[in-house]
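2 protein chains.
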Amino acid sequence: MEEKPGMEAKPGMEAKLGVAAKAGMEEVARPRPRDRIVVTARDLFHKHGIRGIGVDAIVEAAGTNKMTLYRHFGSKDDLIVACLHKVAGEADAIWDLLDEKYQTDKLGELHAWVRLAADCVVADGRGCDMANAAIELTESDHPARRVIEEFKTAQRNRLANLCRAAEVTHPDLLADALSLLFEGARVSRQSVGAEGPSARFVRMAEAIIASFGKQPAERASKTASDIERGA
Amino acid sequence: MEEKPGMEAKPGMEAKLGVAAKAGMEEVARPRPRDRIVVTARDLFHKHGIRGIGVDAIVEAAGTNKMTLYRHFGSKDDLIVACLHKVAGEADAIWDLLDEKYQTDKLGELHAWVRLAADCVVADGRGCDMANAAIELTESDHPARRVIEEFKTAQRNRLANLCRAAEVTHPDLLADALSLLFEGARVSRQSVGAEGPSARFVRMAEAIIASFGKQPAERASKTASDIERGA
């Protein structure tokens with residue numbers, strides 16, 4: 002599945018990062034019922050939407066029964082929250098891998114983030130599970146809303162910290178812009194497909210980094226500076 | 002409501018544009034059942050999601066019955082399509098008002114588009130009906146998908162035409178970037194609320210326009226040019 006400004010943990014990405022995935026490997030062979038329910042529910046929610054899937058379909062696909070599901074999760078809402086926590090954990094793991102690989106080259110890490118984000122946009126036509134959940138779960142008091150808000154805020158702040166470490170001129174403005182561009186690309190991919198504006202994500206993100214992120218001293222940085230100060 | 006890169010037609014915006022709304026005024030007093038169903042359904046879909054609302058709730062709120070609904074719309078899917086066509090029509094009307102007001106100042110129109118887009122982001126916590134529908138309606142063959150794709154493509158192209166008329170240096174790249182930024186802002190508004198990155202939409206959009214949209218001759222435009230050529 003997922004994520005923005007973080008992204009999906011999946012084998013292809015770990016291989017690309019040249020770092021082996023360490024977590025959870027020993028559990029792959031025989032997942033416990035609880036884990037099997039979460040993995041199955043997350044996959045079905047991702048494909049068909051949270052509201053498009055009921056607990057009956059989940060227990061059937063997970064090869065379990067409702068009693069087991071409700072023993073582990075008090076309600077469908079609790080299961081949704083557990084799925085979103087899993088999404089968040091995987092996005093954090095990808096960030097950790099990035100940080101580990103680019104310990105001494107933070108600008109390099111920023112460019113790597115752009116490429117990974119682009120891979121997410123291209124690879125997954127269903128976009129970001131967190132954003133999709135925010136759109137589907139319209140109730141303002143839904144327990145998932147706090148998870149979504151905390152996750153999105155943390156991801157944006159992690160990107161802002163990377164921008165600061167990369168010593169770009171306007172780290173907060175750049176992190177906001179890249180976050181929204183990524184969010185928009187994942188939604189656009191769902192609306193108009195892979196050939197739409199999201200296909201130019203890398204070009205746009207790199208142009209934004211070049212234009213008001215990292216500004217060589219010899220180039221006038223007046224515009225973005227003025228705008229940032231004028232906040 | 003809605004739209005992106007177009008936006009919602011509403012009294013506040015028309016007042017802001019200094020142009021009186023012309024369409025549909027004579028129908029306000031006594032809408033026909035079909036129109037009443039569309040207006041009601043659209044409002045309920047917007048607030049609660051397309052999957053969160055059934056035809057029973059729609060006919061009750063519209064003060065009509067299922068027989069009347071099904072006489073006008075063969076199915077809920079047909080009604081969804083009619084609602085999205087209404088969204089598209091209103092977004093086009095806003096564009097027409099903008100074009101009319103800024104006939105000889107296309108750069109001014111671009112800045113006005115940014116302000117109107119920001120108003121949409123702030124005013125409406127439920128975002129873009131078209132994007133929301135794309136996320137909710139996961140079936141690849143849903144009749145609404147064609148409407149959504151055509152609408153988003155047309156809106157993006159209208160913005161690109163405006164960028165060209167405004168004689169910015171990279172009209173297509175700018176239109177793509179502003180489209181995704183706007184899309185992302187509307188989704189972010191739903192995930193993290195009005196205080197998140199979407200609050201800085203105007204600042205980001207103006208920085209992007211200033212940086213790789215309109216570049217004075219005396220400033221090096223190498224970066225964005227190189228990136229656009231490298232496509």
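Residue numbers (the numbering used here), protein chains in the order written: chain W, 2 to 232; chain D, 2 to 232. Built from N, CA and C at the ideal position, the CB exists for glycine as well. Here the structure is a predicted model, which is why all the values come from computation and not from measurement.
Of all residues in the segment 65-92 of chain D, none is placed with a Cβ closer than 8 Å to any Cβ belonging to chain W. Note on geometry: alpha-carbon atoms of R52 (chain W) and N66 (chain D) lie some 25 Å from one another. Among the residues facing chain W, L174 (chain D) is included, as its CB has a counterpart in that chain under 8 Å away. Straight through space, the alpha carbons of I149 (chain D) and F202 (chain W) are spaced by roughly 20 Å. Annotation for Q156 (chain W): the continuous alpha helix (DSSP H) segment containing it runs 144-166. Of all residues in the segment 130-160 of chain W, only M131, A132, N133, A135, I136, E137, T139, I149, E150, K153, T154, R157 place a beta-carbon less than 8 Å from a beta-carbon of chain D. In the structure shown, V169 (chain D) falls within a coil segment according to DSSP collapsed to helix, strand and coil. Chain-ordered, the chain D residues with CB closer than 8 Å to the CB of D177 (chain W) read P198, R201, M205. Taking D44 (chain W) as reference, the option from W:C129, W:D100, W:E140 with the minimal CA-CA separation is W:C129. Relative to the Cα of D142 (chain D), the nearest Cα in the group D:I38, D:R72, D:D36, D:V82 belongs to D:V82. The beta-carbon of K107 (chain D) is placed no less than 8 Å from the nearest beta-carbon of chain W. Judged by beta-carbon spacing, T69 (chain W) lies within the 8 Å limit of P34 (chain W), meaning their Cβ atoms are closer than that value.
Rounded to the nearest whole angstrom, the C-alpha separation of A176 (chain D) and A161 (chain D) is 5 Å. DSSP places R43 (chain W) in the helix class (H, G or I) of the three-state scheme. Each of D:A63, D:L181, D:K48, D:Q191 was checked against the Cα of R190 (chain W), and the nearest Cα belongs to D:L181.
Per DSSP, R52 (chain W) lies in no alpha helix (DSSP H) and is assigned neither H nor E.
For the segment 44-55 of chain W, the beta-carbon criterion of a distance under 8 Å to any beta-carbon of chain D is satisfied by K48, H49, G50, R52, G53. Q156 (chain D) is classed as buried because its beta carbon has at least 16 other beta carbons within 10 Å across all chains shown. For A186 (chain D), the residues of chain W that pass the 9 Å Cβ criterion are L181, E184, G185, in the order they occur in the chain. For K77 (chain W), the CB contacts under 7 Å within the same chain, skipping 5 residues up- and downstream, are V56 in chain order. Pairing V115 (chain D) with A200 (chain D) gives a Cβ-Cβ distance that is not under 8 Å.
According to the DSSP assignment, F202 (chain W) belongs to the alpha helix (DSSP H) that extends over 202-209.
At a C-beta separation below 7 Å, V123 (chain W) has no neighbours in chain D, since its nearest C-beta there lies roughly 14 Å away.
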